[in-house]
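Residue numbers (this note's numbering): 42 to 230. Quick reminder that beta carbons are idealized off the backbone N, C-alpha and C, glycines included.
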Amino acid sequence: MTGRRPLRRSAAGAIVAILAALVLAADQLVKYLTIQHLPAEKAVPVLGEFLQLFYIRNSGAAFSIGAGMTWIFTIALAVVAVVIVWKTLGVRSRLWAVVLGCLLGGVLGNLSDRLFREPGFAVGHVVDMISMPWMLPAIFNVADVFIVTGMISVALLVVVGLRLDGTRERDHAKADDAPTADAAAANEA
């Protein structure tokens, strides 16, 4: 383990909840401002072709995939949110708490669109507004940014072997090997 003591579960839960609420609030504020101030389906250059604002309502997933199956995305987002909350119960790592809080906020941002935006409950369209045409032919939102960076962060934490409880895989591997080394030494004596 690192030199830091693991978080108490209540502290980890508080970090997750606070970050999720902040990300959700930021996402919904940007979506509100988008609806109120941007023209629909018209590019507004921010940094020329590098970054544009382009207000659309997306019934599908990334690249408008599955546009006729909005309810499936609603169910999937709800399941992901429940899994994140469930996993949070075992979190004692600061990094995991931050990553899961940001990821949960992003999921809740898009889930709230699916639940409460037009055309109706559980089939609402997600408000997207960020366009980087030089990089992706996709238009996305603040929640999407946190979902993608959160998933990349989860993958990195798994690769480096940081567990939810704050311990590392290599520490557990050494602990598992220690009884074998002790037994081998006892056999030689």
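The beta strand (DSSP E) enclosing residue i, as first and last residue numbers
i: R98; result: 92 to 99
Counted within 10 angstroms of its Cβ, other Cβ atoms place residue i as buried (16 or more) or exposed
i: S51; result: exposed
i: W137; result: buried
i: A108; result: exposed
i: V183; result: buried
i: M42; result: The pLDDT assigned to M42 is 43, lower than 50, so where the model puts this residue is not dependable; a value taken from the coordinates is nonetheless given after this. That one is exposed.
i: M192; result: exposed
i: Y73; result: exposed
i: Q77; result: exposed
i: V124; result: exposed
i: L203; result: buried
i: R49; result: exposed
i: E210; result: exposed
i: L205; result: buried
i: A81; result: exposed
From the options, residue whose alpha carbon lies closest to that of residue i
i: L63; options: N151, G142, V189, D206; result: G142
i: G131; options: G101, V57, L65; result: V57
i: Q69; options: V139, G202, R158, F114; result: R158
i: F91; options: D212, L203, R133, W175; result: W175
i: A53; options: V195, L198, V140; result: V140
i: L79; options: N99, A103, F187, V168; result: V168
i: A117; options: D185, V87, L74, L152; result: L152
i: L88; options: S172, A196, F187; result: S172
i: L65; options: A103, I188, L205; result: I188
i: H166; options: L74, R49, P47, G101; result: G101
i: G161; options: F95, W112, V124; result: W112
i: I59; options: T129, V85, E82; result: T129
i: L94; options: E210, M170, V186, V71; result: M170
i: R45; options: G207, A67, D154; result: G207
i: I180; options: V199, V85, D212, V121; result: V85
i: L144; options: P178, L156, V195; result: V195
Extent of the continuous alpha helix (DSSP H) to which residue i belongs
i: M170; result: Unbroken run through M170 is the beta strand (DSSP E), 167 to 172; no alpha helix (DSSP H).
i: R204; result: From DSSP, R204 is part of no alpha helix (DSSP H); its letter is neither H nor E.
i: L118; result: 111 to 129
DSSP bridge partner residues for residue i (one or two, in chain order)
i: P86; result: Q93
i: A81; result: Y96
Interface flag, residue i vs chain E, CB-CB below 8 Å
i: S172; result: In the displayed structure, chain E is absent; only one protein chain is listed.
| Considering only residues of the stretch 131 to 198, which uninterrupted alpha helix (DSSP H) runs meet the minimum length of 4 residues and lie entirely inside it, listed in chain order? | 135 to 157
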